[in-house]
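In what follows, a single structure is set out as structure tokens and then discussed.
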Amino acid sequence: MNPTDLANQASATAQRALELATQARALAEAHVAPVAAAADPFLYLLTIFLLACFVGYYVVWNVTPALHSPLMGVTNAISSVIVVGAILATGLGESLAAQVFGFLAAMLAAVNIFGGFIVTRRMLAMFQSKKKG
1 MNPTDLANQA SATAQRALEL ATQARALAEA HVAPVAAAAD PFLYLLTIFL
51 LACFVGYYVV WNVTPALHSP LMGVTNAISS VIVVGAILAT GLGESLAAQV
101 FGFLAAMLAA VNIFGGFIVT RRMLAMFQSK KKG
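Counted the way the UniProt record's numbering counts, the sequence shown spans residues 1 to 133.
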């Protein structure tokens, strides 16, 4: 084949792909927008929350005991970020439910932070040498 013919075929194929992409976008906008508008944002947030619970459960319970102490320090850092988000949700929440869940999130994250420090301290104390007296 001639290089000019190949270039012309590639140009025609690219033009056809562009037309198909435009048609697909138009179809998506026509059919997806009413569905997204009909769904309540609460369902999206609830789905994210439930998925985070499942992922967190499997991540925490599949950690070997040797890695538990270093991971508690990271968990404490993550929980501090959660406390900031919970305080924002409590303060900026327009509904009573948002304020209640924000308050509960702040309290649970605070318990997680302080509990993590206690557990980390106890685990580190296990590796210190015992004083004979």
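For every residue, glycine included, the Cβ atom is placed at its ideal position computed from N, Cα and C.
Around the C-beta of Ala86, 16 or more other C-beta atoms lie within 10 Å, and the residue is accordingly described as buried. Annotation for Phe49: the continuous alpha helix (DSSP H) segment containing it runs 41-61.
About 6 Å separates the Cβ atoms of Val83 and Ala106, confirming a contact at the 8 Å cut-off.
Here DSSP, grouped into helix, strand and coil, assigns Asn112 to helix. Rounded to whole angstroms, the separation of the alpha carbons of Phe114 and Asn62 is 22 Å. Taken through DSSP and simplified to helix, strand or coil, Glu94 comes out as coil. Contact between Asn76 and Phe49 fails: their C-beta atoms lie close to 21 Å from each other, not under 8 Å. Nearest in C-alpha terms to Gly102, of all of Leu20, Glu94, Ala89, is Ala89. Put simply, of Glu94, Leu92, Leu67 the residue whose alpha carbon is nearest the alpha carbon of Val119 is Leu67. Contact annotation: Ala52 and Ser79 have beta-carbon atoms that are not nearer than 7 Å.
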